[in-house]
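Numbers 1 to 171, taken from the UniProt record's numbering, label the letters of the sequence shown in order.
Glycine included, each C-beta is placed from N, C-alpha and C at the ideal position.
Remember, it's a predicted structure, so these values are computed and weren't measured experimentally.
To start, the structure under review is shown below, and the notes come after it.
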Amino acid sequence: MYHRRSEQKARNNLGEWMEPLSRPNDRTPPRQDAPKGAPEDVRADASAGALKDAIAVALKYDPGDARAPKVVAGGRGHIAEQILQIAFDRGIKVRKDADLAQILSVIDIDSEIPLEAFAAVAEILVYVYRANDRLDELEGGPSARDAAGNIDGARQNDDEGKTSPRRKDEQ
1 MYHRRSEQKA
11 RNNLGEWMEP
21 LSRPNDRTPP
31 RQDAPKGAPE
41 DVRADASAGA
51 LKDAIAVALK
61 YDPGDARAPK
71 VVAGGRGHIA
81 EQILQIAFDR
91 GIKVRKDADL
101 AQILSVIDID
111 SEIPLEAFAA
121 VAEILVYVYR
131 ANDRLDELEG
141 GPSARDAAGN
151 IDGARQNDDE
161 GKTSPRRKDE
171 Q
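Below, the structure written as structure tokens:
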């Protein structure tokens, strides 16, 4: 009785989109890694178990669009492996965040991410844009860097190490 009330209270607080995460699976015993001296086939079985638990979620975001990022693909196990392979083949940066992947995996495909996940997704977008040298696009600024390698509008160091504002003809 107490468990049902606490589960209902958690569901009300966290929202319906997290419902599958609020139910612990008490029947599954904790999985243990294969011992170091174990035969290779036992280690392979242990890694196959890890593959079943793998989760991957692909997001689509257009900085010019006022809407939230969308979940365009998601899956577990073999499907997660395929999503990651496609990302690697296309040169798409991947960031590992198991907790966020768990949350986003319950969202329907082509649905916008929930408000509660904005901060975590924004952090990942900054990481990806920075890795692709396109952070200024995300911030709404120009996408090109100047010849000195500084982001447009940034301060430059003069010969004495002091910072000085950029001249109008340099902007």
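Sort A117, E116, E112, A120 by Cα distance to D62 and report the nearest one. E112
Against chain B, with Cβ distances strictly below 8 Å, would L115 count as a contact? Annotation note: the requested chain B is absent from the structure, which comprises a single protein chain.
Are the CB atoms of V72 and D133 nearer to each other than 8 Å? no
Measure how close the beta-carbons of Y129 and R95 come, nearest whole angstrom, since I'm counting them as under 8 Å. Not a contact, Cβ separation roughly 12 Å.
Under 8 Å between the Cβ atoms of L59 and P69? yes
S105 and G74 - do their beta-carbons sit closer together than 8 Å? yes
Close-in-space but distant-in-sequence residues of the same chain around A56 (CB under 6 Å, 5 per side omitted): A80, I83, L84
Beta-carbon separation (whole angstroms), L100 vs A117, contact threshold 8 Å: 7 Å
Run through DSSP, which three-state label would V126 get? helix
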